[in-house]
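What follows is one structure encoded as structure tokens, with my remarks underneath.
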Amino acid sequence: MYPRPHFATASARLLSNAAQARPLRKYTASAPPTTPLSTPPSTTVAPLRVPLIAKGYRIVAGVVLIRDPQIIRDPTPFERAYFAYQEKLARAAALPFPVGFYFKKGSVAERRWKEEEAARNQAMRSPLSIQDAVREAAELAQTDEERVQQQETKIEYADRITEADRVGDMKSLDRALQRSLYLVVKKPREQHAWQFPQGGVGTGELLHQAARRELLEECGPDMDVWFVGRTPIGHYKYIFPDDYVAKDPKAKGARVFFMKAHIFAGQVRPDNDEVVDYAWVTKQELKEYVSPDYYKAVKDMLSEL
Numbered sequence: 001m002y003p004r005p006h007f008a009t010a011s012a013r014l015l016s017n018a019a020q021a022r023p024l025r026k027y028t029a030s031a032p033p034t035t036p037l038s039t040p041p042s043t044t045v046a047p048l049r050v051p052l053i054a055k056g057y058r059i060v061a062g063v064v065l066i067r068d069p070q071i072i073r074d075p076t077p078f079e080r081a082y083f084a085y086q087e088k089l090a091r092a093a094a095l096p097f098p099v100g101f102y103f104k105k106g107s108v109a110e111r112r113w114k115e116e117e118a119a120r121n122q123a124m125r126s127p128l129s130i131q132d133a134v135r136e137a138a139e140l141a142q143t144d145e146e147r148v149q150q151q152e153t154k155i156e157y158a159d160r161i162t163e164a165d166r167v168g169d170m171k172s173l174d175r176a177l178q179r180s181l182y183l184v185v186k187k188p189r190e191q192h193a194w195q196f197p198q199g200g201v202g203t204g205e206l207l208h209q210a211a212r213r214e215l216l217e218e219c220g221p222d223m224d225v226w227f228v229g230r231t232p233i234g235h236y237k238y239i240f241p242d243d244y245v246a247k248d249p250k251a252k253g254a255r256v257f258f259m260k261a262h263i264f265a266g267q268v269r270p271d272n273d274e275v276v277d278y279a280w281v282t283k284q285e286l287k288e289y290v291s292p293d294y295y296k297a298v299k300d301m302l303s304e305l
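The numbering of the sequence shown is the UniProt record's numbering, which starts it at 1 and goes up by one.
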């Protein structure tokens with residue numbers, strides 16, 4: 001048997017001493033509880049909006065808020081004549097109608113159809129439209145009993161001219177149902193008081209964000225509004241008065257970028273601070289409210305309908 005070497009025993013002794021001398025480190029899944037420091041309540045104040053100025057002009061976001069037409073507009077005389085002419089051409093090129101297949105011979109339905117057909121043929125040679133000729137023939141062919149029955153089951157249609165149109169209520173959304181209406185607001189000043197809702201853009205703020213914020217601040221939260229996109233549909237540049245530039249020489253004027261939006265429900269509630277009055281106007285009526293320069297800048301953004 002060979003003797004055990006001494007260096008193996010010495011190495012084992014060194015490892016044993018190192019294991020005993022090294023303290024055991026214990027790990028925990030959570031930190032030990034600490035006593036919270038008593039801090040005074042937060043008194044953080046929201047930072048003021050810094051106006052965004054670029055190349056000497058203050059950047060402003062405006063809103064072209066639209067109430068779309070509610071009913072189909074009345075056709076013009078030219079449109080009536082065109083549609084009547086197209087109907088006459090289509091009737092002349094149509095195949096003969098098989099009367100005996102669809103109507104029983106000698107029945108009331110056959111008699112009515114023949115009367116209406118005669119009226120249509122007459123309309124082909126008259127300036128009246130086919131619809132007007134058929135309506136006149138149907139009224140003449142009606143018996144007393146049929147007239148009474150028609151009056152009893154008559155459908156009453158809503159009036160195309162509303163009460164707001166009759167009294168001239170410019171603040172009502174129920175006026176001018178055939179046209180697009182645009183919201184204009186009045187600022188508390190003498191000159192250039194009427195304009196679209198608008199306000200300054202803050203540093204780091206996007207155009208559509210500023211437009212939505214200004215509309216909410218000036219016109220209230222009682223409107224269901226949808227902004228079409230984040231790209232302006234036009235812009236307008238103007239120079240500040242001399243007295244205003246003397247107070248704030250950083251900006252010599254403003255560039256207004258208009259964002260398009262639609263209203264679905266609700267109504268304007270002016271804050272009586274930045275906005276003291278409002279009106280819903282058509283494109284042609286807008287001339288009576290804004291300056292000629294302003295109307296020239298925005299008229300191409302508005303619809304003729």
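The beta-carbon is built from N, C-alpha and C at its ideal position, and this holds for glycine as well.
inquiry  = Quick check on this structure: which residue in D224, Q70, L206 and Y295 has the alpha carbon closest to the alpha carbon of P51?
reply    = Checking every option, the nearest Cα to that of P51 belongs to L206.
Alpha carbon of Y236 to alpha carbon of G56, nearest angstrom = Cα to Cα, Y236 sits roughly 15 Å from G56.
key: Beta-carbon proximity check, V63 vs A261, cutoff 8 Å   = For V63 and A261, yes; Cβs fall inside 8 Å.
ask   = What is the DSSP secondary structure of F227, counted as helix, strand or coil?
value = Of the three classes helix, strand and coil, the one that applies to F227 here is strand, per DSSP.
query = With A279 and V184 assumed to form a contact (beta carbons below 8 Å), what rounded beta-carbon distance in angstroms separates them?
reply = Contact holds; Cβ gap of about 6 Å.
Sequence-distant residues of its chain with Cβ nearer than 8 Å to L181 (five each side left out) = I66, R67, L173, R175, W280, V281 and T282, listed in sequence order.
message = I'd like to know whether the C-beta atoms of V225 and I263 end up nearer to each other than 8 Å.
response = In terms of Cβ geometry, V225 and I263 form a close pair [threshold 8 Å].
ask   = From what residue to what residue does the alpha helix (DSSP H) around D277 run?
value = Careful: D277 lies outside any alpha helix (DSSP H), inside the beta strand (DSSP E) at D277 to V281.
ask   = What whole-angstrom Cβ distance do L177 and P75 have, given they're in contact under 8 Å?
value = That pair is no contact at about 16 Å.
query = Between which two residues does the alpha helix (DSSP H) containing L216 stretch?
reply = For L216, the uninterrupted alpha helix (DSSP H) segment begins and ends at L207 to C219.
ask   = When you compare each of Q209, Q195, H208 and I71 to D159 by their alpha carbons, which one comes out closest?
value = For the residues Q209, Q195, H208 and I71, the minimum Cα distance to D159 belongs to I71.
query = Going by alpha carbons, who is nearest to N272 out of A211, E217, R179 and P249?
reply = Per the C-alpha coordinates, the member of A211, E217, R179 and P249 positioned closest to N272 is E217.
ask   = Which partner residues does F258 have in the DSSP bridge list?
value = BP columns for F258 point to G62 and G234.
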